[in-house]
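J.: Per this note's numbering: the sequence shown = residues 956 to 1119.
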Amino acid sequence: MQDIINNLPKQAKDKHNENKKFFAKLKKKPPKNLDYVMQELHEAEFKRTDCLECANCCKTTGPLFTDKDIARISKFFKLKPQQFIEQYLRIDEENDYVLQSVPCTFLGADNYCSIYDVRPKACREFPHTNRKKFQQISNLTLKNVAICPAAFNIVEAMKHRVKI
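(1) Tell me the rounded alpha-carbon separation between F910 and N1085.
(2) Give the straight-line distance between the Cα atoms of A1064 and I960, rounded to the nearest whole angstrom.
(3) Around the Cβ of Q957, are there at least 16 other Cβ atoms within 10 angstroms (buried) or fewer (exposed)?
(4) What span of residues does the beta strand (DSSP E) with Y1071 cover, start to end?
(5) Between F1107 and A967, how many whole angstroms is the CB-CB distance? I'm expecting something under 8 angstroms.
(6) What residue does the beta strand (DSSP E) around R1045 start on, and which one ends it?
(7) Report the CB separation of L1097 from N1011 in whole angstroms; it is logged as a contact under 8 angstroms.
(8) With 16 as the cutoff for other CB atoms within 10 Å, does N962 come out buried or exposed?
(9) Just how far apart, CA to CA, sit Q1091 and Y1067?
(10) Which residues in the same chain as D1024 place their Cβ atom closer than 7 angstroms to its Cβ, once the five residues preceding and following it in sequence are excluded?
(11) Any contact between the region 1031–1045 and the region 977–994? By contact I mean 3 or more CB pairs, one from each, below 8 angstroms.
(12) Please return the same chain residues whose Cβ sits closer than 8 angstroms to the Cβ of P1058, not counting the five positions on each side in sequence.
(13) Looking at the structure shown, is L1054 part of a helix, part of a strand, or coil, going by DSSP?
(14) Cβ atoms of T1004 and A1101: under 9 angstroms apart, would you say?
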């Protein structure tokens, strides 16, 4: 798995222009069944992919924390939201709450998340390949294929399956 993760940024870069063109066409004229196809591709890929073998998203990027995430997680830690923010988060350039540092503070050496049951919405939904109106998040997907081997595979499968 580590070889795949190490090669992923180069592979994503090599496919970037091709993917960008594909997503531009997809945005203009998304097929009616796109959500259904994406759900199918997502489910098929995650039957083969074990995130615990990878955890590259947790090691290299940090999620955005919504107010609901902060309330839920601080309650889990029995902290006041402001205490949780001061201890774990910072405000980024876009005024969003993000982790103070990566890899994620809550990621264990075994790739398990210590706050899995209360993890942020962004973590629960990553890599967002089964999201409705998938064509609207193409910029996010272009970034995620360089981080997540499953997202890379889903986009490659999508380019073969979705004819535009």
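No residue lacks a Cβ here, since even glycine has one placed at the ideal position from N, Cα and C.
T.: Judging by the given coordinates:
(1) Any answer about residue 910 is impossible in this case: the structure gives the chain only from 956 up to 1119.
(2) 17 angstroms
(3) exposed
(4) Segment: none, Y1071 is in no beta strand (DSSP E) and carries neither H nor E.
(5) 6 angstroms
(6) L1044 to I1046
(7) L1097 to N1011, Cβ: 16 angstroms. No contact.
(8) exposed
(9) 31 angstroms
(10) P1075 and K1076
(11) no
(12) C1013, K1014 and T1015
(13) strand
(14) no
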